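Report on the structure given below.
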Amino acid sequence: MELVNQIAGIGFLLLSGICGLLLVIQLYYLLFVYSRLAFYSIPPKLGNTPTRPLSVIICARNEEENLRQNLPEILNQDYPDFEVVLVNDYSQDETKWLLRELCTRYPHLKVVEIAEHVRLKHGKKFAVSLGIKAARYEHLVFTDADCVPASDQWLRHMADAFNGGEEIVLGYSPYRRKPGFLNALIRFETFHTAMSYLSYALKGNAYMGVGRNLGYTKSLFFRGKGFASHMHIPSGDDDLFVNQNATPHNTTICIHPESHVWSEPKTTLLTYSRQKTRHAGASRAYKVSHQRMLATQLISAVLFYLAAIAAVVIFPQYWYIILGIYLCRLFVQIVIYYPILKKLQAGGLLWMLPLLDVIYYSYICVNGIFALFKKDVKWK
Numbered sequence: 001m002e003l004v005n006q007i008a009g010i011g012f013l014l015l016s017g018i019c020g021l022l023l024v025i026q027l028y029y030l031l032f033v034y035s036r037l038a039f040y041s042i043p044p045k046l047g048n049t050p051t052r053p054l055s056v057i058i059c060a061r062n063e064e065e066n067l068r069q070n071l072p073e074i075l076n077q078d079y080p081d082f083e084v085v086l087v088n089d090y091s092q093d094e095t096k097w098l099l100r101e102l103c104t105r106y107p108h109l110k111v112v113e114i115a116e117h118v119r120l121k122h123g124k125k126f127a128v129s130l131g132i133k134a135a136r137y138e139h140l141v142f143t144d145a146d147c148v149p150a151s152d153q154w155l156r157h158m159a160d161a162f163n164g165g166e167e168i169v170l171g172y173s174p175y176r177r178k179p180g181f182l183n184a185l186i187r188f189e190t191f192h193t194a195m196s197y198l199s200y201a202l203k204g205n206a207y208m209g210v211g212r213n214l215g216y217t218k219s220l221f222f223r224g225k226g227f228a229s230h231m232h233i234p235s236g237d238d239d240l241f242v243n244q245n246a247t248p249h250n251t252t253i254c255i256h257p258e259s260h261v262w263s264e265p266k267t268t269l270l271t272y273s274r275q276k277t278r279h280a281g282a283s284r285a286y287k288v289s290h291q292r293m294l295a296t297q298l299i300s301a302v303l304f305y306l307a308a309i310a311a312v313v314i315f316p317q318y319w320y321i322i323l324g325i326y327l328c329r330l331f332v333q334i335v336i337y338y339p340i341l342k343k344l345q346a347g348g349l350l351w352m353l354p355l356l357d358v359i360y361y362s363y364i365c366v367n368g369i370f371a372l373f374k375k376d377v378k379w380k
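Residues in the sequence shown are numbered consecutively from 1, following the UniProt record's numbering.
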């Protein structure tokens, strides 16, 4: 009996040691990566600085209703010199006629029409490339047809972010709050993704951005040969471009509340899963160093939960030790997440953190595995 107890004790020490090691890895990301965003001071709007002309590029396919609602909000930005380049990518609804009507009211709206070619099937990257070529100005800002700026000061903040000579500006695009747990999960995933890419950008190691709110220069696009190296991948017009062209010195962030660009969230798990599968496909083409750092964070978090559950199930008499390890991680999470949630206008998610964190990592793993076997990822 004594031998059995000794073996059990050794087993628990090993399992709790694994939990402790995984905790240390998690604390590294919290204290040395995400803390950069937690303690980042959002610069005020620089209203007296010289403005630079901007080209806003939007690609749309069958987005008549979204364009009718959102495009005027972009066209009416309080900014002295900008154009909106709308790439109508073979829309089969009434988008074409809506844009013609808007062009009569907004002279700074330029429309690029793409016709379907029976032998040439193109994706969003082709549409974005045409929009960039049609753009008049050097500094480009990107968003989507289903997005709307939080204020008429969006372009002023994005332009201010370019003033330091940076070539890439990473913005933030949250999803609107709706009833239901799926919406909470979507907003938490969006927050977590933004926390990661914004923190790494502040650390000098930017690896992605989101096309719903992104800026970069035209010269950088052509100098980096556009999307040539990953044109065969359906997604990634935003994150893969940033991944391959960002440097420690040419990238900055813009997260002033007035610069956020709001999006409508998916309303079903199926449509949300399809969206995440598309994004997961692009991440496999990230630089190896970026894949490694993201995988380490994800795997260590998943194994932390699995090891903690296993320890409690196998050694229930020591539950309080495992609980202490878990609460240590949760406490640091709350300290770091709270200011970030406030900056990213997602503070209401904090009280759900213990549940959302577990489900988030579970879902990311399952969806990532599914993405490995899904080939036909399409835009619209």
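Heads up, the beta-carbon is just placed ideally off N, CA and C, and yes, glycines get one too. Since the model is a prediction, treat every value here as computed from it, not as a measurement.
*Where N76 falls, given that 16 or more other Cβ within 10 Å makes a residue buried*: In the sequence shown, residue 76 corresponds to position 76, counting from 1. Classification of N76: exposed, given that the 10 Å Cβ count is below 16.
_From V128, Y175, D81, residue whose alpha carbon lies closest to that of D238_ = Translated into the one-based positions of the sequence shown, residue 238 becomes position 238. Nearest option by C-alpha distance: V128.
*Considering only the beta carbon of each residue, do A135 and S55 sit closer than 8 Å?*
For the purposes of this step, residue 135 is taken as residue 135 along the sequence shown, with counting starting at 1. For the purposes of this step, residue 55 is taken as residue 55 along the sequence shown, with counting starting at 1. For A135 and S55, yes; Cβs fall inside 8 Å.
_Cα-Cα separation between K343 and I10, rounded to whole angstroms_ = Taking the first residue of the sequence shown as position 1, residue 343 is located at position 343. Taking the first residue of the sequence shown as position 1, residue 10 is located at position 10. Each residue's alpha carbon lies about 45 Å from the other.
*asked:* Taking the straight line between their C-alpha atoms, what separation do you get for N70 and V24?
replied: Residue numbering aside, residue 70 sits at position 70 when the sequence shown is read from its first letter. Residue numbering aside, residue 24 sits at position 24 when the sequence shown is read from its first letter. Straight-line Cα distance between these residues: approximately 45 Å.
*Compute the beta-carbon to beta-carbon distance between W262 and C147, rounded to the nearest angstrom, for a pair I have assumed lies under 8 Å.*
The count along the sequence shown starts at 1 and reaches residue 262 at position 262. The count along the sequence shown starts at 1 and reaches residue 147 at position 147. About 7 Å separates the two Cβ atoms, so the contact holds.
*Candidates I253, H122, K124: which alpha carbon is nearest E167's?*
Locating residue 167 in the sequence shown gives position 167, where the first residue counts as 1. E167 has its Cα closest to that of I253, out of I253, H122, K124.
*Apart from the five residues just before and just after L170, which ones in its own chain have a Cβ nearer than 6 Å to its Cβ?*
Position 170 of the sequence shown holds residue 170. For L170, where only same-chain residues beyond five positions count, the Cβ hits under 6 Å are A201, G209, I253.
*Please report the Cβ distance between I321 and A308, rounded to the nearest whole angstrom; I am assuming they are in contact, meaning their Cβ atoms lie under 8 Å.*
For the purposes of this step, residue 321 is taken as residue 321 along the sequence shown, with counting starting at 1. For the purposes of this step, residue 308 is taken as residue 308 along the sequence shown, with counting starting at 1. Contact doesn't hold; Cβ gap of about 10 Å is too wide.
*asked:* Three or more C-beta pairs under 8 Å: does that hold for the stretch 80 to 88 against the stretch 130 to 145?
replied: Touching, yes.
_Between the CA atoms of M293 and L109 - distance to the nearest angstrom_ = The count along the sequence shown starts at 1 and reaches residue 109 at position 109. The count along the sequence shown starts at 1 and reaches residue 293 at position 293. Their backbone Cα atoms lie some 41 Å apart in a straight line.
*Rounded to the nearest angstrom, how far is the Cβ of A285 from that of I233, given a contact under 8 Å?*
Residue 285 sits at position 285 when you count from the first residue of the sequence shown. Residue 233 sits at position 233 when you count from the first residue of the sequence shown. That belief holds up - the Cβ atoms of A285 and I233 are roughly 6 Å apart, short of 8 Å.
*Would you mind sorting S289 into buried or exposed? The rule is 16 or more other CB atoms within 10 Å of its CB.*
Residue mapping note: residue 289 aligns to position 289 of the sequence shown, counting from 1. When all chains shown are included, S289 counts as exposed.
*With S55 as the anchor, note down where its beta strand (DSSP E) starts and where it stops.*
As a working mapping, residue 55 is identified with position 55 in the sequence shown. S55 -> beta strand (DSSP E) spans 54 to 60.
*For my contact list, T143 and A206 are in at a C-beta cut-off of 8 Å; report their separation, rounded to the angstrom.*
Translated into positions along the sequence shown, residue 143 becomes position 143. Translated into positions along the sequence shown, residue 206 becomes position 206. The pair is not a contact, with the Cβ atoms about 19 Å apart (cut-off 8 Å).
*asked:* Between which residues of its own chain and V118 is the CB-CB distance below 8 Å, once the five residues before and five after are set aside?
replied: Your numbering for residue 118 matches position 118 in the sequence shown. Only weak support exists for where V118 lies, its pLDDT of 41 falling under 50; the value from the coordinates is given anyway. For V118, there are no CB contacts under 8 Å within the same chain when 5 residues up- and downstream are skipped.
*For E65, does the three-state DSSP call read helix, strand or coil?*
Residue 65 sits at position 65 when you count from the first residue of the sequence shown. Helix.
*asked:* So, for residue 386: in the same chain, excluding its five sequence neighbours on each side, which residues have a beta-carbon less than 7 Å away from its beta-carbon?
replied: Within the shown structure, residues of the chain are numbered from 1 to 380, placing residue 386 beyond reach of any answer.
*Are there three or more Cβ pairs, one per stretch, closer than 8 Å when the stretch 177 to 184 is compared with the stretch 260 to 274?*
yes
*CB contact flag (L353, M195, <8 Å)*: Taking the sequence shown and counting its residues from 1, one reaches residue 353 at position 353. Taking the sequence shown and counting its residues from 1, one reaches residue 195 at position 195. No, they are not a contact pair.
_One question on the structure: do G368 and A280 come within less than 8 Å of each other, judged by their Cβ atoms?_
Position 368 of the sequence shown, counted from the first residue, corresponds to residue 368. Position 280 of the sequence shown, counted from the first residue, corresponds to residue 280. Result yes, Cβ atoms of G368 and A280 sit closer than 8 Å.
*Only counting runs of 3 or more residues, tell me where the beta strand (DSSP E) segments fall wholly within the stretch 227 to 273, in order along the chain.*
251 to 253, 261 to 263
*Outcome for V141 when other beta-carbon atoms lying within 10 angstroms are tallied against a minimum of 16*: One-based indexing of the sequence shown puts residue 141 at position 141. For V141, the number of other beta carbons within 10 angstroms of its own is at least 16, and it is reported as buried.
*Closest to H139 by CA distance: which of F82, S173, G20 is it?*
If you number the sequence shown from 1, residue 139 lands on position 139. H139 has its Cα closest to that of F82, out of F82, S173, G20.
*Assumed close pair T51, A159 - CB separation to whole angstroms, cut-off 8 Å*: Numbered from 1 along the sequence shown, position 51 holds the residue referred to as residue 51. Numbered from 1 along the sequence shown, position 159 holds the residue referred to as residue 159. Beta-carbon to beta-carbon, T51 and A159 are separated by about 6 Å, close enough to satisfy the 8 Å threshold.
*Contact under 8 Å by Cβ, P174 with H256*: One-based indexing of the sequence shown puts residue 174 at position 174. One-based indexing of the sequence shown puts residue 256 at position 256. No. Outside cutoff.
_In DSSP terms, what K110 is bridged to_ = Position 110 of the sequence shown, counted from the start, is the residue given in the question as residue 110. K110 is bridged to V85.
*What three-state label does DSSP hand D160 in the structure shown?*
Numbered from its first residue, the sequence shown carries residue 160 at position 160. Correct three-state label for D160: helix.
_I359, DSSP secondary structure in three states_ = Within the sequence shown, numbered from 1, the residue matching residue 359 stands at position 359. Helix, per DSSP.
*Contacts around residue 426, its chain only, beta-carbon distance under 7 Å, and the 5 residues preceding and following it disregarded*: Because residue 426 is not part of the residues shown, which for the chain are 1 to 380, the question remains open.
*Can the beta-carbon of Y40 be found closer than 8 Å to that of L155?*
Taking the first residue of the sequence shown as 1, we reach residue 40 at position 40. Taking the first residue of the sequence shown as 1, we reach residue 155 at position 155. Going by C-beta atoms, Y40 is not nearer than 8 Å to L155.
_Under DSSP, the alpha helix (DSSP H) around T104 begins and ends at which residues?_
In the sequence shown, residue 104 corresponds to position 104, counting from 1. Start and end: 95 to 105.
*Which partner residues of F142 appear in the DSSP bridge assignment?*
On the sequence shown, residue 142 is found 142 positions in, with the first residue counted as 1. The partner list for F142 (beta bridge, DSSP) reads I57, L214.
*For my contact list, Q26 and F304 are in at a C-beta cut-off of 8 Å; report their separation, rounded to the angstrom.*
Numbered from 1 along the sequence shown, position 26 holds the residue referred to as residue 26. Numbered from 1 along the sequence shown, position 304 holds the residue referred to as residue 304. At roughly 6 Å, the Cβ-Cβ gap stays under 8 Å, so Q26 and F304 are in contact.
*Tell me, to the nearest whole angstrom, how far the beta carbon of L349 is from that of L356; I am working on the premise that it is less than 8 Å.*
Taking the first residue of the sequence shown as 1, we reach residue 349 at position 349. Taking the first residue of the sequence shown as 1, we reach residue 356 at position 356. Indeed they touch by this definition, with Cβ atoms about 6 Å apart.
*Confirm, please, whether the CB-CB distance from L306 to I364 is below 8 Å.*
Within the sequence shown, numbered from 1, the residue matching residue 364 stands at position 364. Within the sequence shown, numbered from 1, the residue matching residue 306 stands at position 306. No. Outside cutoff.
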